[in-house]
Amino acid sequence: MDIKKGFLIIGIILIIISAISCIFGYRIREIYPTTIEIYEIGIPYIIGALGVIFFGLHAVFFALSAKKKNIE
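Laid out in structure tokens, this is it:
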């Protein structure tokens with residue numbers, strides 16, 4: 221697997237996990253009260269930010285490889 225595709229896949233997965241945990245956060249906290257601390261710290265938002273960073277790295281690598289192909 222190409223490193224660009226790896227960053228893309230990891231970024232998308234992290235963003236989806238973050239979105240699902242943010243959308244269903246209140247229900248998860250009602251079912252499992254021990255997860256309240258996770259949401260107070262902001263772990264789902266940190267996961268989403270990491271996903272955006274990986275997605276951005278994919279865009280940077282994609283742009284650099286396109287520029288390299290134009291030079292050659």
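Start counting the sequence shown at 221; every next residue gets the next number (my numbering).
By construction, the Cβ of each residue, glycine as well, lies at the ideal position given by its N, Cα and C atoms.
Only a predicted model underlies this, so the values are computations on that prediction, with no experimental measurement involved.
query: Start and end of the alpha helix (DSSP H) containing F227?
result: Along the sequence shown, read from residue 1 onward, the residue named residue 227 stands at position 7. Per DSSP, F227 is one residue of the alpha helix (DSSP H) stretching across 223-243.
Exercise for the section: Determine whether the Cβ of G226 lies closer than 8 Å to any Cβ atom of chain C. Expected result: You won't find chain C in this structure, because it holds only one protein chain.
Give the C-beta separation of H278 and G245 to the nearest angstrom, bearing in mind that I take them to be a contact with Cβ-Cβ under 8 Å.
In the sequence shown, counting from the first residue as 1, residue 278 sits at position 58. In the sequence shown, counting from the first residue as 1, residue 245 sits at position 25. About 27 Å; that fails the 8 Å criterion.
Check: What span of residues does the alpha helix (DSSP H) with Y252 cover, start to end?
Finding: To locate residue 252, count along the sequence shown from 1; it is residue 32. Unbroken run through Y252: none, as it is neither H nor E.
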